Structures are given as C-alpha cells and as structure tokens.
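Mapping of the sequence shown onto our numbering: residues 6 to 256, in sequence order. Each remark here refers to the structure printed beneath this line.
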Amino acid sequence: MHDIESRILGFCWQQNPDMALEIGFIPSSLWEKAGQKDALGEAAQLLAEAERSELSLPEKLAASHHLDCAAYLSEMPAISRLNHMTGPASRLSWASHSWPAAADPLGELYVESLREFPSYCSDLIRSIDDQGASYACQSVLETFIDQVAAITDNGSGQEMLLLPLQEARVSMDAVRVPSADVAENVLSSLQRLSDAASKALGSAHASSPLARVPDGGLRYSQAIRFGTSLAVSPDSVESLGLRLLDKTEHR
C-alpha cells in the first residue's frame, strides 16, 4: 500500500470509525473526533497529494470519494450526529450485537470503546453548544430522545452493553466483565446527550432544515455524494423523487 493510501485511510477512519470496523480493522479510536476544526484542510491536503501521487485513476477517484465523505462528516454540525439511525445510541446497540469481533476475541477493545464514550459525549455536547441547532430536525431529535430512553429507562441498558462479553465468555473463559462504573458512565453520558437534544428541540426545524439554511443546497449535494458517490444536484434528486411518487400514486 502506498503511504498516501494509508494516510487517507487513517484520516477517514478518524472521522468514521465504523467504516474501519465494517471492513475488519480496529481503528485507534472507536469514536470519531467531534468538532475537529482542521479536518477540512487536512482532507484537501491529502487529496492534493493523492492527485500528485502514482496512484492509478480508479484509486484516485476512490480516494477523492472517501475524503469527500470524511470531510462531509466533519463539516456537518455536531447536532446532526444525534440521529436515531446513525448516532451514538444506535452505534452502541449495533456494537453490542456485533461483537466479539475477530480482531478482538476477548472484548478488550470493546470495553475500551465503552471507556472512551463519556469523553466522546462531552466533546460532542461542547460542539452542539458551539454550533447550535440550525441544522437540526425536530422529528430526528425526538426519535433520538425516545431511543435513548429505551436504553436507559427500562433497566436493560447495562445488559445490552455487556452482552458481547457475556457471549464471548461462552467460549473464552479469560473474558472479564469490567467494573460496574464503566456501563454506568456510558448510560449517564447517553442521558446527557439526550438532555442536549431536548435543549436543541426549541430551535430545531419542523422538517428538513436544508431548505431553509443559506448553504442547504450545498449540504444536500454533499449528502447525496456521501450516500451514493454520485455528483447529482438537489434539483435532479427532487425531480426524480417527484416522478417516482407520481408513478407510485398512478399505479
């Protein structure tokens, strides 16, 4: 692997550790760096180096897409991370049901991710306070709050967090359950995030905020690029959506 490739992957995994886990690597940090101010500049520098490198054209195109996606994640206001499908609560649940990973059979790195979580939440809340809720959607925040309540209010939160270690112990006697304060700190940090989401509800938008903020069109284009790898304009997506709705209603 070229040096530039490994540096690009390292940068992208900092912004989205789940991407590393999905392809079988354990990143150095299991939570993204919230509010990383120099991420856009670093992404631009890496892209310029990739363009000057000996990478093939497909490799350069792949590097460009991954860097665009990583920059998009870092540029979006922190409030956008409080999402019921991709935010911290859903990722905790996903991790608890997908561990133990082959690269972490004893669950030691999983426990480390739980120890990191409160610090990550504190950084995230600071970013939310700094950036406000101008890009927040009420329904998304409300669903996130309900999701956190489902984890913290019914008494099953600790059981969910410790599930990977309990399952690993079936075949690995060396697995040790961490002290109770580890899970307790995760749950209290989740509650603080829920409180931040509740506070942001007052200034959040009733529907998608992208139609109302000055750079909403640009951010929507970035979201399309992030989700599809295609350079499609917001107007094109809206036109396609209306045509599909028309066909569905007609049928």
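C-beta atoms are modelled at their ideal positions from N, C-alpha and C, and glycine is treated no differently. Quantities reported herein were computed from a predicted structural model and do not represent experimental measurements.
- Under DSSP, Cys142 shares a beta bridge with His210.
- When DSSP states are grouped into helix, strand and coil, His89 belongs to the coil group.
- Distance between Ala55 and Glu10, taken at the CA atoms: about 8 Å.
- Cβ neighbours of Leu111 within its own chain (closer than 8 Å, five residues either side excluded): Pro105, Ala173, Met177, Ala179, Val180.
- Non-local C-beta neighbours of Ser58 in its own chain, meaning closer than 6 Å and more than five positions away in sequence, comprise Ile9, ordered along the chain.
- Around the beta-carbon of Glu37, 16 or more other beta-carbon atoms lie within 10 Å, marking it buried.
- Proximity to Ala100 across Gly15, Leu168, Gly46 peaks at Leu168, based on C-alpha coordinates.
- Counting C-beta pairs closer than 8 Å gives three or more between the region 8–27 and the region 67–77, which meets the contact rule.
- Taking a contact as a CB-CB distance under 8 Å, the pair Val182 and Leu170 counts as one, their CB atoms being some 5 Å apart.
- Ranked by Cα distance from Gly162, the options Leu195, Met24, Cys142, Asp135 are led by Leu195.
- Buried is the label assigned to Pro32, since at least 16 other Cβ atoms lie within 10 Å of its Cβ.
- If you look at Glu80, you'll find it in the alpha helix (DSSP H) that goes 62–80.
- Here the C-alpha atom of Asn190 lies approximately 15 Å from the C-alpha atom of Asp128.
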